[in-house]
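Those sequence lines, one after another, are chains A and B. Note that the working numbering has the first sequence beginning at 63, numbered continuously upward. Note that the working numbering has the second sequence beginning at 233, numbered continuously upward. A virtual CB, placed ideally from N, CA and C, is assigned to each residue, including glycine.
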Amino acid sequence: VERRVADVDLVRRARDGDRDAFDVLMTGAIDRLYRVARLSLHELDAAEDAVQEALVRCWRDLPQLRDPRAFESWLYRLLIHAITDESRRRQRSWAKVAVLTTDPSEPDSASAVADRDVLDRAFRRLSINHRTMVVLHHYVGLTVEDAATALGIPLGTAKSRLFYGMEALRTALTADGPPGAAEVTA
Amino acid sequence: MSARPDLDRRVERWLEETAPDRASERLLAVTRGRIDSTRQRRLPAALRVVPRSTLRIALVAALALVIGVAALLAGPGSTTRVSVPTPPPSYTPATAPNPLRIVSATDWATTTIAVPLGMEAGPDGLLYVLDTKPSVTVLDPATGRPVRTWGAQGSDPGRFDLSRPDDNAGMGALAIGRDGRVYIADGANRRIQVFEPDGRFLEVLGGPVDFERVHGIAVDGDGAVYVVDHDQLRLVRLDPDGRRAWTAGGLVGAAPFDVFSVILLPDGRLLATRNGADRPALLDPSTGELVGEWGPERVWTPAEGRSLTNGIVLIYEYEPLERVELFDTAGTLLGGFYHANGPHTDRLKTPVWGDVFWPAPAFPGDGFAYTFGAAGLLRLEVDPAVMRPGS
């Protein structure tokens, strides 16, 4: 779970134009932003472009943020917008997207490897809207309500996207019959 | 053990394993460099108190206006059937002529409109506006003043609930049938209400069992109603008798897609714009089947629009590119009004509404198009050379 609460004083100072304060915020946030972008977009350069764009927009538009306590949620919204933009720009090349490689430090069980392959394929078939919703809820740890706020969508839409996104993954796991599938129904 | 928590656990484990450790130093350095060369955007003090929702609505409004203008100028009649373009038409916005020019405005107070959510011209030459009060207000385009109004907050027939949980102003839409009847997408009441042009309630179409939240609507010449269910991301056709004929899009099925809005083409076919970068889907109105795609290959953001009877199709988009573009039925770009990020900028620079029109321009038949902008109800002059290509 990567939920954090940004230092309100830092946000205020950055909002008032303090570049050093913003650098502290940015340095503290860039890794988790990058993880979310990479999970959602798969492609390294697309993820980096999205993070870069989100942070530039954050700095540029920070003076318009009224409530510093909303910084985290707002930053995620900027990131999701940037991810969506990147996805649109690169949509035609989705077919060429390479499977995101992992480098596990220790051997996985056959079950875990199968899960990973199936989930990776199924996840890449989801629309960008559903991917980001799953990542925000199941990786970042946002509640559905907070994710809806971050995405700027109605709660019903957020619930719907999460439900159907997870249903697609469940269906994929069931259809592919990975080892361990039996325990899903146990 | 239940299936769902187990699925959650497996997905969360996979996400944890798949996520990279950290961003590269190079990314941090490059981002720092870009930020160092970016100035913060500071609003004037007066603007900081304007609700964000108002600013957003204003942005949306700009795009809508341009689109509506084109639709109104279309003449009745021509219904040329056009096949799906293959390959897609070319797209060169930099050379597209600007079809619209603001000539006058009626201030907001005179119109009595709060935040408009939809506007259409009726066959009586009046402008029908759905706004967030919530109510339908009928405006005389010659004066910008209300002729009549109806509706209030509530769930009884004749009342509306256009509220929505996010920070947008409201959810609802308005369409006018060929017979002048007024169709209201009653957002949070999850239904369509039908009225006579004088405001008399006629009937309800659909209900909570059919829709989760409605925000888009179109009515064809036979009285069939096409409804966009916002939360289900799908399009539903209700026959003139109110029965559901088919459902398209949504997130399940063999070929799921996210419907954002519906546009009836002059030849009777349906366009469903979609969330994401896909070109609009072309649907068979009798079956809802996906029969192709429409328009040039470009970045398509959530788009709305309308078609004119002379074959012109207006498309407006508001995030991130504020643009209103005119296409022929085959999807070839004829003209464009670009508020930002394009060659035609700085059309409107005023607080609250900014560079935007909203909703889609309506064409009541007096030779002008109308929408709302910073100054209130805007009257737009339309370039006839763009609106009537080849004439």
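Would you say B/V262 faces chain A, with C-beta separation under 8 angstroms as the test? Here the question's residue 262 of chain B lines up with position 30 in the second sequence. Taking Cβ atoms only, chain A reaches closer than 8 angstroms to B/V262, which makes this a yes.
Backbone secondary structure at B/I345 - three-state DSSP: Numbered from 1 along the second sequence, position 113 holds the residue referred to as residue 345 of chain B. Reduced to three states, the DSSP call for B/I345 is coil.
Which two residues bound the contiguous alpha helix (DSSP H) that contains A/S102? Position 40 of the first sequence, counted from the first residue, corresponds to residue 102 of chain A. Here the alpha helix (DSSP H) through A/S102 covers 81-103.
For chain B, is any of its Cβ atoms less than 8 angstroms away from the one on A/Y196? Position 134 of the first sequence holds residue 196 of chain A. Checking the displayed sequence, the identity of residue 196 of chain A turns out to be Val instead of Tyr. Closer than 8 angstroms: yes.
Pull out every residue of the stretch 248-261 of chain B whose Cβ sits closer than 9 angstroms to any Cβ of chain A, in chain order. E248, E249, T250, A251, P252, D253, R254, A255, S256, R258, L259, L260
Between the CA atoms of B/Y458 and B/T311 - distance to the nearest angstrom: Here residue 311 of chain B is taken as the residue at index 79 of the second sequence, counted from 1. Here residue 458 of chain B is taken as the residue at index 226 of the second sequence, counted from 1. Bear in mind that the predicted position of B/T311 carries a pLDDT of just 33, short of 50, making it too unreliable to give a figure here.
To which residues does DSSP link B/M351 through a beta bridge? By 1-based counting over the second sequence, the position of residue 351 of chain B is 119. Per DSSP, B/V361.
Would you verify that the beta carbon of A/W121 is, or is not, closer than 8 angstroms to some beta carbon of chain B? Translated into the one-based positions of the first sequence, residue 121 of chain A becomes position 59. A/W121 counts as touching chain B.
Close-in-space but distant-in-sequence residues of the same chain around B/T344 (CB under 7 angstroms, 5 per side omitted): Along the second sequence, read from residue 1 onward, the residue named residue 344 of chain B stands at position 112. Cβ within range, chain order: T369, P378.
Taking 8 angstroms as the threshold (C-beta atoms), are B/L565 and B/L332 in contact? Locating residue 332 of chain B in the second sequence gives position 100, where the first residue counts as 1. Locating residue 565 of chain B in the second sequence gives position 333, where the first residue counts as 1. Against a cut-off of 8 angstroms, the Cβ pair of B/L565 and B/L332 comes out as no contact.
Tell me the start and end of each unbroken beta strand (DSSP E) in the stretch 429-456 of chain B that is at least 3 residues and wholly inside, in chain order. 433-437, 446-451
Just checking: is the beta-carbon of B/R242 within a distance shorter than 8 angstroms of some beta-carbon in chain A? Numbered from 1 along the second sequence, position 10 holds the residue referred to as residue 242 of chain B. Interface residue, yes.
Look at B/G448 and B/S493 and say whether their C-beta atoms are less than 8 angstroms apart. Along the second sequence, read from residue 1 onward, the residue named residue 448 of chain B stands at position 216. Along the second sequence, read from residue 1 onward, the residue named residue 493 of chain B stands at position 261. Taking 8 angstroms as the Cβ cut-off, B/G448 and B/S493 qualify as a contacting pair.
Using a cut-off of 7 angstroms between C-beta atoms, extract the partners of A/E110 located in chain B. Counting from 1 along the first sequence, the entry for residue 110 of chain A is found at position 48. Result: L259.
Are there 16 or more other CB atoms within 10 angstroms of the CB of A/E105, so buried, or fewer, so exposed? Residue 105 of chain A sits at position 43 when you count from the first residue of the first sequence. Result: buried.
What are the start and end residues of the alpha helix (DSSP H) that includes B/G265? As a working note, residue 265 of chain B is residue 33 in the second sequence. Segment 257-268, the alpha helix (DSSP H) holding B/G265.
Spatial neighbours of A/W156 within its chain, please: C-beta separation below 6 angstroms, excluding the five flanking residues on both sides. Here the question's residue 156 of chain A lines up with position 94 in the first sequence. Interpretation of A/W156 is limited by its pLDDT of 36, a score under 50 that renders its predicted location unreliable; the figure taken from the coordinates is listed afterwards. Counting only Cβ-Cβ distances below 6 angstroms, and skipping sequence neighbours, we find nothing.
When you compare the CB of A/V113 with every CB in chain B, is at least one pair closer than 8 angstroms? Counting from one through the first sequence, the residue named residue 113 of chain A turns up at place 51. For A/V113, the answer is yes, since a Cβ of chain B falls inside 8 angstroms of its Cβ.
Within 10 Å of its beta-carbon, does A/R97 have 16 or more other beta-carbons around it, so buried, or fewer, so exposed? Taking the first sequence and counting its residues from 1, one reaches residue 97 of chain A at position 35. Looking at its Cβ environment, which holds 16 or more other Cβ atoms inside 10 Å, A/R97 is buried.
Minimum C-alpha distance to A/A237 - residue among A/S189, A/M195, A/R183: Taking the first sequence and counting its residues from 1, the one referred to as residue 237 of chain A is at position 175. The candidate whose alpha carbon is nearest that of A/A237 is A/R183.
Are the C-beta atoms of A/I92 and some chain B residue less than 8 angstroms apart? As a working mapping, residue 92 of chain A is identified with position 30 in the first sequence. For A/I92, the answer is yes, since a Cβ of chain B falls inside 8 angstroms of its Cβ.
Indicate whether at least one CB of chain A lies closer than 8 angstroms to the CB of B/D463. In the second sequence, the residue the question calls residue 463 of chain B occupies position 231. Yes, because at least one Cβ of chain A sits closer than 8 angstroms to the Cβ of B/D463.
Would B/A513 and B/P321 qualify as a contact pair, given that the criterion is a beta-carbon distance under 8 angstroms? For the purposes of this step, residue 513 of chain B is taken as the residue at position 281 of the second sequence. For the purposes of this step, residue 321 of chain B is taken as the residue at position 89 of the second sequence. Not closer than 8 angstroms, so no.
For B/E536, the three-state DSSP class (helix, strand or coil): Numbered from 1 along the second sequence, position 304 holds the residue referred to as residue 536 of chain B. Strand, per DSSP.
Local conformation of B/S395 per DSSP, three classes: On the second sequence, position 163 is the one that residue 395 of chain B refers to. Note: B/S395 maps to coil in three-state DSSP.
Taking only the alpha-carbon atoms, compute the straight-line gap between B/G597 and B/G357 and give it to the nearest angstrom. If you number the second sequence from 1, residue 597 of chain B lands on position 365. If you number the second sequence from 1, residue 357 of chain B lands on position 125. So the alpha carbons of these two residues sit roughly 6 angstroms apart.
Proximal chain A residues relative to B/R266, where beta-carbon distance stays under 7 angstroms: Here residue 266 of chain B is taken as the residue at index 34 of the second sequence, counted from 1. Per Cβ cutoff of 7 angstroms: Q114, V118.
Only counting the same chain, and skipping five residues up and downstream in sequence, which positions put a Cβ closer than 7 angstroms to that of A/R154? The residue given as residue 154 of chain A occupies position 92 in the first sequence. With a pLDDT of only 39 at A/R154, under 50, the local geometry of the prediction cannot be trusted, and the value read off the model is given with reservation. Cβ within range, chain order: n/a, list empty.
Within 8 angstroms (strictly less), CB to CB, does A/P125 reach chain B? Here residue 125 of chain A refers to the residue found at position 63 of the first sequence. Yes, contact with chain B.
Taking 8 angstroms as the CB-CB limit, is A/D177 close to chain B? Taking the first residue of the first sequence as position 1, residue 177 of chain A is located at position 115. Closer than 8 angstroms to some Cβ of chain B, the Cβ of A/D177 qualifies, so yes.
Can you say whether A/V202 is buried or exposed, counting buried as having 16 or more other CB atoms within 10 angstroms of its CB? As a first step, residue 202 of chain A is located in the first sequence; it is residue number 140 there, counting from the start. The residue is buried, with at least 16 neighbouring Cβ atoms inside 10 Å.
Whose CA, out of B/F443, B/V414, B/N330, B/V436, lies closest to the CA of B/R422? Here residue 422 of chain B refers to the residue found at position 190 when the second sequence is read from its first residue. B/R422 has its Cα closest to that of B/F443, out of B/F443, B/V414, B/N330, B/V436.
For A/R178 and B/P591, the rounded distance between their alpha carbons: Sequence index remark: in the second sequence, residue 591 of chain B carries index 359 (1-based). Sequence index remark: in the first sequence, residue 178 of chain A carries index 116 (1-based). In a straight line, the C-alpha of B/P591 is about 46 angstroms away from that of A/R178.
Inter-residue Cα distance where the pair is B/Y548 and B/E557: Against the second sequence, residue 548 of chain B aligns to sequence position 316. Against the second sequence, residue 557 of chain B aligns to sequence position 325. One C-alpha to the other measures close to 6 angstroms.
Residue environment, B/S367, which counts as buried when at least 16 other CB atoms sit within 10 Å: Translated into the one-based positions of the second sequence, residue 367 of chain B becomes position 135. Label assigned to B/S367: buried.
Which one of B/F589, B/V618, B/G412 has the shortest CA to CA distance from B/A606? Within the second sequence, the letter at position 374 stands for residue 606 of chain B. When each option's Cα is compared against that of B/A606, the closest is B/F589.
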